[in-house]
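Colleague: Can you read through this structure? Questions will come right after.
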Amino acid sequence: MEMIKNVKMGDRVTMGLKFQSIQIKKTTANDDYASLIGFDSEDLIDVKIWSLSEEKKSILKNGEIYIATGTIKDYQGKKQFNVSDFRLASDDELDKDSFYEYAPLSKKDLQTKISGYINKINNENLKKIVLTVIRKYVGEYFEYPAAVSIHHNFIHGLAYHVYSMLTLADTYLGLYSYLNADLVYAGIILHDIGKVKELSGSKGVEYTKRGNLLGHISIGANMVNAACSELGLQETDEAICLEHIILSHHGLHEYGSPKEPLMGEAALIYMLDYSDSRFASLEKYYKNTSKGEYTDPIFAFDKKSFYIPNID
Numbered sequence: 002m003e004m005i006k007n008v009k010m011g012d013r014v015t016m017g018l019k020f021q022s023i024q025i026k027k028t029t030a031n032d033d034y035a036s037l038i039g040f041d042s043e044d045l046i047d048v049k050i051w052s053l054s055e056e057k058k059s060i061l062k063n064g065e066i067y068i069a070t071g072t073i074k075d076y077q078g079k080k081q082f083n084v085s086d087f088r089l090a091s092d093d094e095l096d097k098d099s100f101y102e103y104a105p106l107s108k109k110d111l112q113t114k115i116s117g118y119i120n121k122i123n124n125e126n127l128k129k130i131v132l133t134v135i136r137k138y139v140g141e142y143f144e145y146p147a148a149v150s151i152h153h154n155f156i157h158g159l160a161y162h163v164y165s166m167l168t169l170a171d172t173y174l175g176l177y178s179y180l181n182a183d184l185v186y187a188g189i190i191l192h193d194i195g196k197v198k199e200l201s202g203s204k205g206v207e208y209t210k211r212g213n214l215l216g217h218i219s220i221g222a223n224m225v226n227a228a229c230s231e232l233g234l235q236e237t238d239e240a241i242c243l244e245h246i247i248l249s250h251h252g253l254h255e256y257g258s259p260k261e262p263l264m265g266e267a268a269l270i271y272m273l274d275y276s277d278s279r280f281a282s283l284e285k286y287y288k289n290t291s292k293g294e295y296t297d298p299i300f301a302f303d304k305k306s307f308y309i310p311n312i313d
């Protein structure tokens, strides 16, 4: 099977591709066609499937891996793969794991490290709330990405984002001892818990109906509120402060926060979340840009292009 980097305009090829960002559209003749992105474990290519039967449409799913045959066309100076036939790939045809990106740490390592931070929480109410929520969603929490596209959008990404923030928090807590470390740790561990319901899974990730209509902030606050009610802690300061952290962790109303931070701990978590999400997004651009060149526009930095210093 061919790789995207080796194919030329006009080639008739068969490729193993992960289909993502699938959109079903209508031609001017009112026939269905699919517009999507194909990923061959190394590179991306624009894909069009013009003859889309109901049978073929029924097996199209974001994040699945297919064997696709078609022709490489020139579309505005870029390669476009016009697919004439495709089918789901079997496990023995391709190394499917190579088509997915994983966190730098394994699931087991992340479970161990985050459990270590939970054990650091001395306040019994906070520890009970954290454990009650995490135990209900432990599978999703350590498997899901943190986002569809912007940052930590890989398997185990949610837990890796949390671990990164916890690690960053230790420096701040060492410098600013007046902040409540128990509340900071608990708030970081639960700040994005709503994403286990906002997102559809770990592969072929999409927003669920609940995710689209409610968003992870309100979902997460409701999840924590439900756990606090179950524990009889809903009127405690621990419960109220944790819910405030979730509701304010995007920092500003224009960033989607229902509340702005009104506690030092909440302000810190907003800053850590903002920092880790932006720099994690930037990392991919650094890897794909040569020294002395500018990156493509970066969505997480208001579509600015960053210069990569030509310094060893």
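Sequential numbering of the sequence shown, starting at 2, is according to this note's numbering. Using N, Cα and C, we set each Cβ at its ideal position, and we do this for glycine too. Predicted, not measured: the structure shown is a model, and the values here were computed from it.
Any contact of the segment 135–150 with the segment 257–275, i.e. 3+ C-beta pairs under 8 Å?
Modeller: Too few Cβ pairs lie closer than 8 Å, so no.
Colleague: For a quick check, are the C-beta atoms of residue 94 and residue 68 less than 8 Å apart?
Modeller: It is a contact, given that the beta carbons lie within the stated cut-off.
Colleague: Closer than 8 Å by C-beta to residue 81: which residues in its own chain qualify, once you throw out the five before and the five after it? Chain order, please.
Modeller: The residues are 46, 47, 48, 49, 73, 74, 75.
Colleague: Using only CA atoms, which one of 53, 231, 308, 254 lies nearest to residue 137?
Modeller: The candidate whose alpha carbon is nearest that of residue 137 is 231.
Colleague: Nearest-angstrom Cα distance between residue 272 and residue 278?
Modeller: Each residue's Cα considered, the two are about 10 Å apart.
Colleague: Apply the 10 Å Cβ neighbour rule to residue 300 and answer buried if 16 or more other Cβ atoms are within range, or exposed otherwise.
Modeller: Looking at its Cβ environment, which holds fewer than 16 other Cβ atoms inside 10 Å, residue 300 is exposed.
Colleague: Taking residue 219 as the reference, which of 251, 165, 140 has the closest Cα?
Modeller: Checking every option, the nearest Cα to that of residue 219 belongs to 251.
Colleague: Taking the CB atoms as reference points, tell me whether residue 293 and residue 204 lie closer together than 8 Å.
Modeller: Not closer than 8 Å, so no.
Colleague: Could you check what DSSP says for residue 106 in three-state terms: helix, strand or coil?
Modeller: It is coil, neither helix nor strand.
Colleague: Across which residues does DSSP place residue 74 in a beta bridge pair?
Modeller: Answer is 81, bridged to residue 74.
Colleague: Considering only the alpha carbon of each residue, which of 186, 10, 267, 182 lies closest to residue 163?
Modeller: Nearest C-alpha to residue 163: 186.
Colleague: What does DSSP give as the partner residue(s) for residue 19 in the beta ladder?
Modeller: 40, 66, per the DSSP bridge assignment.
Colleague: How should residue 139 be labelled, buried or exposed, when 16 other C-beta atoms within 10 angstroms of its C-beta is the threshold for buried?
Modeller: Its Cβ having fewer than 16 others within 10 Å, residue 139 is exposed.
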